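A short write-up of the structure that comes next.
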Amino acid sequence: QQQVKQSPQSLIVQKGGIPIINCAYENTAFDYFPWYQQFPGKGPALLIAIRPDVSEKKEGRFTISFNKSAKQFSLHIMDSQPGDSATYFCAASKDTGRRALTFGSGTRLQVQP
Amino acid sequence: DVKVTQSSRYLVKRTGEKVFLECVQDMDHENMFWYRQDPGLGLRLIYFSYDVKMKEKGDIPEGYSVSREKKERFSLILESASTNQTSMYLCASSYHRGGHTEAFFGQGTRLTVV
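If you read the sequences in order, they're chains D and Z. Read in order, the letters of the first sequence correspond to residues 1146 to 1258 in the working numbering. Read in order, the letters of the second sequence correspond to residues 121 to 234 in the working numbering.
Put into structure tokens, the structure is as follows:
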């Protein structure tokens, strides 16, 4: 059972485009939603995170949109650059008890020059 | 800088061998995790530990065990390696503060079981 569903599996955009990656979760106990970025040969690293008390969070060119009623959240990358080419994972966890992250299946993003 | 170090980048083991994957973190984090990463499946939690000598099963613990004798070290053990355990293994440690959790990952160990 996949508790966090992520789409698309891969994405190709031109430089300056706005790739959007979507995630949906099932467990209503989740209350923390981070995105991780992974470059080839490296472990994932935290990019940006949101809690369900806000509908949007921006950090630089990265924005998370959160829809609590639909149990969905998405990552938008403004003015994408070739250096943003990486695999992106959404994740979810609970704030109490078991705090291990449950990850989506990943999206491989390629930003073409 | 937080550092999570996995002992090997690449390992090749034979079916039936007992395999040890070691992980060390230097930030005094209480929580440590082992995930495996497979294409199209993302990162799946094998085991995690929230304190020394404490462990809890993740989503796919079958065929694995763990050991945490010291706070900074978390070992993953494949009791009898099988070909379906060929994968990338990622160790992580995390802190939780003020509703914010950040996990720091090692570079991964690519294990091939032949």
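The C-beta atom is built at its ideal place from N, Cα and C for all residues, glycine as well. Computed from a predicted model, the values in this text were never measured in an experiment.
Considering residue i, what are the terminal residues of the beta strand (DSSP E) in which it resides?
| i | result |
| --- | --- |
| Z/P159 | That residue, Z/P159, is in no beta strand (DSSP E); it is neither H nor E in DSSP. |
| D/Y1170 | I1165 to Y1170 |
| Z/Y209 | S207 to R217 |
| Z/S195 | R193 to L198 |
| D/P1189 | Element bounds for D/P1189: n/a, residue is neither H nor E. |
| Z/T135 | Element bounds for Z/T135: n/a, residue is neither H nor E. |
| D/Q1226 | Taken as a continuous stretch (DSSP letters only), D/Q1226 belongs to no beta strand (DSSP E), as it is neither H nor E. |
| D/I1157 | S1155 to Q1159 |
| D/L1254 | T1252 to Q1257 |
| Z/H220 | H220 to F225 |
Against chain D, does residue i count as a neighbour if the rule is that its beta carbon must be under 8 Å from one of theirs?
| i | result |
| --- | --- |
| Z/Q227 | yes |
| Z/G136 | no |
| Z/F153 | yes |
| Z/T206 | no |
| Z/G160 | yes |
| Z/E222 | yes |
Taking Cβ to Cβ, would you say residue i is nearer than 8 Å to residue j?
| i | j | result |
| --- | --- | --- |
| D/Y1233 | Z/T221 | no |
| D/H1221 | D/S1210 | yes |
| Z/E189 | Z/D146 | no |
| D/G1249 | D/C1168 | yes |
| D/Q1151 | D/T1247 | no |
| D/F1175 | D/I1195 | no |
| D/Q1257 | D/Q1183 | no |
| Z/V234 | Z/R134 | yes |
Do you know whose CA, among the options, lies nearest residue i's CA?
| i | options | result |
| --- | --- | --- |
| Z/E150 | D/K1216, D/G1249, D/R1244 and D/G1251 | D/R1244 |
| Z/H216 | Z/V144, Z/D148, Z/V139 and Z/K133 | Z/D148 |
| Z/G228 | Z/D171, Z/R134 and Z/S207 | Z/S207 |
| D/K1216 | D/Y1170, D/P1179 and D/K1187 | D/Y1170 |
| Z/E137 | Z/Y184, Z/S214, Z/Y209 and Z/C211 | Z/Y184 |
Counting only beta-carbon separations shorter than 8 Å, does residue i have a partner in chain Z?
| i | result |
| --- | --- |
| D/K1230 | A quick correction: the sequence has Ser, not Lys, at residue 1230 of chain D. For D/S1230, the answer is no, since every Cβ of chain Z falls outside 8 Å of its Cβ. |
| D/P1189 | yes |
| D/F1248 | yes |
| D/Y1170 | no |
| D/Q1182 | no |
| D/Q1154 | yes |
| D/S1238 | yes |
Residue i: beta carbon under 7 Å from a heavy atom of the ligand GDP?
| i | result |
| --- | --- |
| D/M1223 | Within the structure as shown, the ligand GDP is missing, as the structure has no ligands at all. |
TODO: Mind the definition here: the stretch 122-135 of chain Z touches the stretch 1200-1220 of chain D only if three or more C-beta pairs lie below 8 Å; say whether that holds.
DONE: no
Open item on the list: Does the stretch 222-231 of chain Z come into contact with the stretch 174-188 of chain Z, if we say contact requires no fewer than three beta-carbon pairs (one atom in each stretch) closer than 8 Å?
Closed with: no
- [ ] Pair every Cβ in the stretch 192-199 of chain Z with every Cβ in the stretch 138-147 of chain Z, then say whether three or more of these pairs are closer than 8 Å.
- [x] yes
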